[in-house]
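**Student:**
Residue numbers (our numbering): 548 to 839.
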């Protein structure tokens with residue numbers, strides 16, 4: 548399965564008689580699916596059908612659907628004719644009622660034209676829009692899904708590049724840590740010998756304490772777990788689907804191992820490596836927030 552971004556855009560249009568129906572879909576990242584519909588009044592009766600179609604195609608994110616209906620050129624001319632007829636009728640009625648014709652305002656004309664248009668339209672007009680609406684929605688969703696797939700592919704490519712970089716840097720840490728540990732052990736043994744010069748000491752006990760210190764500074768276990776998490780991360784991306792939440796969990800574990808490594812082995816070069824790894828992990832975290 549492919550990985551999809553929660554950030555997406557899609558649009559489609561369909562002619563319905565003398566009208567053009569347009570649907571725009573926009574989404575940004577979100578923890579759950581939040582859908583906002585902006586439908587003209589004539590389409591609001593189909594809100595539940597539209598939501599059902601969206602819920603089956605989008606998993607997570609904040610999604611906004613905007614539908615508009617625009618009249619084509621022929622319909623615009625008819626609208627102008629209706630306004631002219633309405634203005635003439637209102638002036639005539641005003642004159643018959645004893646009012647000056649110029650007292651008719653533009654608002655009066657628009658209301659009168661709207662009343663005449665409503666009376667002239669068939670009651671089944673909204674029902675005739677259901678099939679074109681769903682067909683247009685399918686086209687918009689296809690465009691929307693293609694956009695999210697492209698974004699998801701781009702994000703995954705960037706994530707894999709950063710994982711490779713983290714893995715390469717992490718691989719260099721154990722060797723540096725062992726070298727650093729040997730230096731610390733040698734210095735500690737010399738200091739103990741200097742401090743206890745002329746005194747009888749238990750060599751086994753000193754060796755035991757040095758061993759405990761070595762264990763505290765050893766980061767091989769953390770690096771092994773980090774490598775396991777990186778492998779799980781790659782497998783998650785390869786499997787695809789809704790990967791966002793699992794990636795979030797893996798990132799927490801990877802950051803924990805990285806922080807532990809930095810706190811246990813405070814050698815300058817390792818500290819620099821840990822900082823660069825944390826920078827990439829933070830970038831991955833921000834990028835992964837857009838994955839479904």
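Don't be surprised by glycine CBs; every beta carbon is placed ideally from N, CA and C.
1. Can the beta-carbon of residue 797 be found less than 9 Å from the beta-carbon of residue 808?
2. If you run the structure through DSSP and keep just helix, strand and coil, what is residue 554?
3. Which residues in the same chain have their Cβ closer than 6 Å to the Cβ of residue 802, if we skip the five residues on either side of it in sequence?
4. Spatial neighbours of residue 577 within its chain, please: C-beta separation below 8 Å, excluding the five flanking residues on both sides.
5. Excluding the 5 residues preceding and the 5 following residue 594 in the sequence, name in chain order all residues of the same chain whose CB lies nearer than 7 Å to its CB.
6. On a CA-only basis, which of 701, 836, 560, 566 is nearest residue 681? Give me that one, please.
7. Checking 9 Å against the spacing of the C-beta atoms, do residue 873 and residue 615 come in under that value?
8. CA-CA distance, residue 775 and residue 705?
9. Evaluate residue 822 with the Cβ neighbour count: other Cβ atoms within 10 Å of its Cβ, from every protein chain shown; 16 or more gives buried, anything less gives exposed.
10. If you draw a straight line from the C-alpha of residue 724 to the C-alpha of residue 736, how long is it?
11. Give the straight-line distance between the Cα atoms of residue 826 and residue 555, rounded to the nearest whole angstrom.
12. For residue 731, which of helix, strand or coil comes out of DSSP?
13. Starting from residue 571, follow its DSSP beta bridges and name the residues at the other end.
14. When the distance is taken between beta carbons, is residue 765 closer than 9 Å to residue 728?
15. Roughly how many angstroms separate the alpha carbons of residue 800 and residue 617, rounded to a whole number?
16. I'd like to check one pair, residue 550 with residue 787: are the Cβ atoms closer than 9 Å?
17. What number of angstroms, rounded off, separates the C-alpha of residue 835 from the C-alpha of residue 675?
18. When you compare each of 732, 726, 713, 580 to residue 770 by their alpha carbons, which one comes out closest?
19. How many whole angstroms separate the CB atoms of residue 548 and residue 717, which I take to be in contact at a CB cut-off of 8 Å?
20. Taking Cβ positions, are residue 562 and residue 619 nearer each other than 9 Å?
21. Since residue 804 contacts residue 832 with CB under 8 Å, what's their CB separation in whole angstroms?
22. Which class does residue 563 belong to by DSSP, given the choice of helix, strand or coil?
23. Taking the alpha-carbon of residue 602 as reference, which of 688, 678, 568 has the nearest alpha-carbon?
**Tutor:** According to the structure shown:
1. Contact: no.
2. Coil, per DSSP.
3. Contacts found: 828.
4. For residue 577, where only same-chain residues beyond five positions count, the Cβ hits under 8 Å are 553, 607, 608, 609.
5. So the qualifying residues of the chain are 584, 586.
6. Here the closest residue by C-alpha is 560.
7. Coverage of the chain is limited to positions 548 through 839, which leaves residue 873 absent and any answer about it impossible.
8. As the crow flies, the alpha-carbon of residue 775 is around 20 Å from that of residue 705.
9. Residue 822 is exposed by the Cβ-count criterion.
10. One C-alpha to the other measures close to 18 Å.
11. When only Cα atoms are considered, residue 826 and residue 555 end up about 27 Å apart.
12. Correct three-state label for residue 731: helix.
13. Residue pairing by DSSP places residue 571 opposite 558, 613 in a beta bridge.
14. For residue 728 and residue 765, yes; Cβs fall inside 9 Å.
15. Residue 800 and residue 617: Cα-Cα distance of roughly 53 Å.
16. It is a contact, given that the beta carbons lie within the stated cut-off.
17. If I take the Cα positions, the gap works out to 43 Å.
18. In terms of CA proximity to residue 770, 713 leads the group 732, 726, 713, 580.
19. Contact annotation, residue 548 with residue 717: C-beta distance approximately 29 Å; criterion of less than 8 Å not satisfied.
20. Taking 9 Å as the cut-off, the beta carbon of residue 562 is found closer than this to the beta carbon of residue 619.
21. Wrong, their Cβ atoms sit about 15 Å apart, outside the cutoff.
22. In the structure shown, residue 563 adopts extended strand secondary structure according to DSSP, grouped into three states.
23. It is 688 whose Cα lies nearest to the Cα of residue 602.
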